[in-house]
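All remarks here apply to the structure that follows.
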Amino acid sequence: MFYGNAILTIFLAFSGVGGAGDGADSVRTEKIDTLTVLQAEQLLAERNAELRLARLACTEAEANARQARRWENPEVSGIYNLYNPLNSRWLDPGNDGEVDISVSQPLPIGRSHRIGRSDAELRASQADYDWTVFSLSMQMKRQLCELWAVQRRAALIGGELESVERILDAYRRNPQAVSLVEVRRLETLRLGLLSEQLERQATVAECKTALAVMLEFGIGELDLNDESAPSDSILEQSALLRYHASLCEAADAEIRLQKALAWPRVSVGVEYDKNGNIGHNFWAVGASVTLPLFDRNRGAIRSAEVERDRRQTMHAVAERELRQQLALAAGRMAQYRRLVAESDSLAEWDIEGVERQYLAHNISLLELIDIYTAWREAQEMMVASRGTLLTAAIDYNLAAGTEVYRIVDRQ
Numbered sequence: 034m035f036y037g038n039a040i041l042t043i044f045l046a047f048s049g050v051g052g053a054g055d056g057a058d059s060v061r062t063e064k065i066d067t068l069t070v071l072q073a074e075q076l077l078a079e080r081n082a083e084l085r086l087a088r089l090a091c092t093e094a095e096a097n098a099r100q101a102r103r104w105e106n107p108e109v110s111g112i113y114n115l116y117n118p119l120n121s122r123w124l125d126p127g128n129d130g131e132v133d134i135s136v137s138q139p140l141p142i143g144r145s146h147r148i149g150r151s152d153a154e155l156r157a158s159q160a161d162y163d164w165t166v167f168s169l170s171m172q173m174k175r176q177l178c179e180l181w182a183v184q185r186r187a188a189l190i191g192g193e194l195e196s197v198e199r200i201l202d203a204y205r206r207n208p209q210a211v212s213l214v215e216v217r218r219l220e221t222l223r224l225g226l227l228s229e230q231l232e233r234q235a236t237v238a239e240c241k242t243a244l245a246v247m248l249e250f251g252i253g254e255l256d257l258n259d260e261s262a263p264s265d266s267i268l269e270q271s272a273l274l275r276y277h278a279s280l281c282e283a284a285d286a287e288i289r290l291q292k293a294l295a296w297p298r299v300s301v302g303v304e305y306d307k308n309g310n311i312g313h314n315f316w317a318v319g320a321s322v323t324l325p326l327f328d329r330n331r332g333a334i335r336s337a338e339v340e341r342d343r344r345q346t347m348h349a350v351a352e353r354e355l356r357q358q359l360a361l362a363a364g365r366m367a368q369y370r371r372l373v374a375e376s377d378s379l380a381e382w383d384i385e386g387v388e389r390q391y392l393a394h395n396i397s398l399l400e401l402i403d404i405y406t407a408w409r410e411a412q413e414m415m416v417a418s419r420g421t422l423l424t425a426a427i428d429y430n431l432a433a434g435t436e437v438y439r440i441v442d443r444q
């Protein structure tokens, strides 16, 4: 155990995602890149939607447990003679009229079993909350470690790319210092490094987005390459958001329904008795009403309110995730547009001129093979970059739920 803790402490200190001097109450950063482990743990406890849903499940279980202990309300019912056959009077208020009043108290079957079941469900929800807290903490720390690793890998390829670009700049300032073949080969190497860097940057952005969803960061807090927020019209067209909005409306209606059910239940009726107590063909009208002495439906109301809060939380999470997915896809499209432009310019090689140079014995066979290899790599990267750009556009359409970028056949 000691060695495991020591290794973890060394790793986090080296990675820059944690430190001994970071207090849990010092959350001032709003950038994932500078987030410490202690700050992330505090943000997880404050912001995480899954934790809020787990807490709501505990609240709902508590409400159900209270509701299970409520006795059903007593019911008062009464009938009043509509027509008195003894004196031929309608609605007879005199001593000869008949009035029947009764009070009943329902006795539930299996009440103790319902209470035991609700108590067990409450304990289960509390245990589930404890497990959710622990598992989310481990997932968050895994995300931080993964983000640290992919950022370091992206930085490595970035340093190599900068070195190649400096060499190319030096050769372009002094064209006589190197042959065109070497320049082309370096340009192909640069394009390959640029493509790999964009892939690693995309992985970094995906890790940031996954962590941002867990900690509920906004788009601007992600520090992505493209932070432009999607337009409201795109969000309004999203079937997913409309689905969650409809569920929220249904939850509001359920609350109103449960509050209405808390009122006393009233029923009316008509009674006919062929051989009644006061004469033949007895008619009476009656009504019954429940007395809200024990059960005011508060448990069901609270449960409906919890369901409303749950659906609102899920709606907010879905909207936040949609915004982040759209921003991430837009950033990738901007990056790969640049890669397409770079590959298009590099792919325009004068192959026939190379053939003439070789036939004139101005370049060797090895140089010819090297040029062909570089040319083929440039062509393949051009095709790959265009395919990746199309994929990014499709991903954007998928996140938006509508065809913002129309994919058509190339003429």
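Converting from the sequence shown to the working numbering requires adding 33 to each position, the first position being numbered 1.
Built from N, CA and C at the ideal position, the CB exists for glycine as well.
DSSP state of residue i mapped onto helix, strand, coil
| i | result |
| --- | --- |
| residue 437 | coil |
| residue 282 | helix |
| residue 115 | strand |
| residue 122 | strand |
| residue 317 | strand |
| residue 410 | helix |
| residue 288 | helix |
| residue 232 | helix |
| residue 69 | coil |
| residue 134 | strand |
| residue 143 | coil |
| residue 306 | strand |
| residue 105 | coil |
| residue 110 | strand |
| residue 300 | strand |
Cut-off 8 Å between Cβ atoms - residues of its own chain near residue i, not counting five sequence neighbours on either side
| i | result |
| --- | --- |
| residue 165 | 83, 84, 87 |
| residue 141 | 104, 105, 147 |
| residue 172 | 247 |
| residue 510 | Residue coverage of the chain in this structure runs from 34 to 444, which leaves residue 510 outside it and unanswerable. |
Same chain, Cβ closer than 6 Å to residue i, neighbours up to 5 away in sequence not counted
| i | result |
| --- | --- |
| residue 339 | 89, 92, 93 |
| residue 298 | 323 |
| residue 240 | 179, 180, 183 |
| residue 428 | 362 |
| residue 365 | 235, 425 |
| residue 436 | 430 |
| residue 162 | 87, 91 |
| residue 294 | 330 |
Burial state of residue i (16 or more Cβ within 10 Å)
| i | result |
| --- | --- |
| residue 151 | buried |
| residue 81 | buried |
| residue 242 | buried |
| residue 372 | buried |
| residue 245 | buried |
| residue 117 | buried |
| residue 167 | exposed |
| residue 271 | buried |
| residue 406 | exposed |
| residue 276 | exposed |
| residue 320 | exposed |
| residue 411 | buried |
| residue 187 | buried |
| residue 233 | buried |
| residue 279 | exposed |
Residue i versus residue j: straight-line alpha-carbon distance, rounded
| i | j | result |
| --- | --- | --- |
| residue 191 | residue 421 | 20 Å |
| residue 101 | residue 158 | 16 Å |
| residue 395 | residue 223 | 26 Å |
| residue 131 | residue 139 | 26 Å |
| residue 318 | residue 107 | 21 Å |
| residue 77 | residue 177 | 12 Å |
| residue 95 | residue 75 | 26 Å |
| residue 419 | residue 431 | 18 Å |
| residue 424 | residue 416 | 12 Å |
| residue 156 | residue 342 | 21 Å |
| residue 57 | residue 79 | Low confidence applies to residue 57: its pLDDT is 35, below 50, so where it sits in the model is not reliable, and the reading given next is rough at best. Taking the straight line from one Cα to the other gives about 12 Å. |
| residue 283 | residue 348 | 13 Å |
| residue 259 | residue 209 | Legend: pLDDT at residue 259 = 43, less than 50; position of this residue unreliable, no value from coordinates given. |
| residue 207 | residue 404 | 21 Å |
| residue 220 | residue 434 | 39 Å |
| residue 274 | residue 145 | 42 Å |
| residue 286 | residue 137 | 32 Å |
| residue 368 | residue 218 | 23 Å |
| residue 238 | residue 388 | 44 Å |
| residue 374 | residue 215 | 21 Å |
| residue 402 | residue 203 | 25 Å |
| residue 414 | residue 370 | 13 Å |
| residue 344 | residue 352 | 12 Å |
| residue 355 | residue 226 | 31 Å |
| residue 123 | residue 300 | 22 Å |
Cutoff 7 Å; reference residue i; Cβ partners in own chain excluding five residues on either side
| i | result |
| --- | --- |
| residue 62 | Reliability fails at residue 62, whose pLDDT of 41 lies under 50, so the model's placement of it is uncertain and no value is given. |
| residue 291 | 330, 333, 334, 337 |
Check: residue i C-beta below 6 Å from any heavy atom of the ligand MN
| i | result |
| --- | --- |
| residue 184 | Questions concerning the ligand MN fall outside what the structure shown contains, since it holds no ligand whatsoever. |
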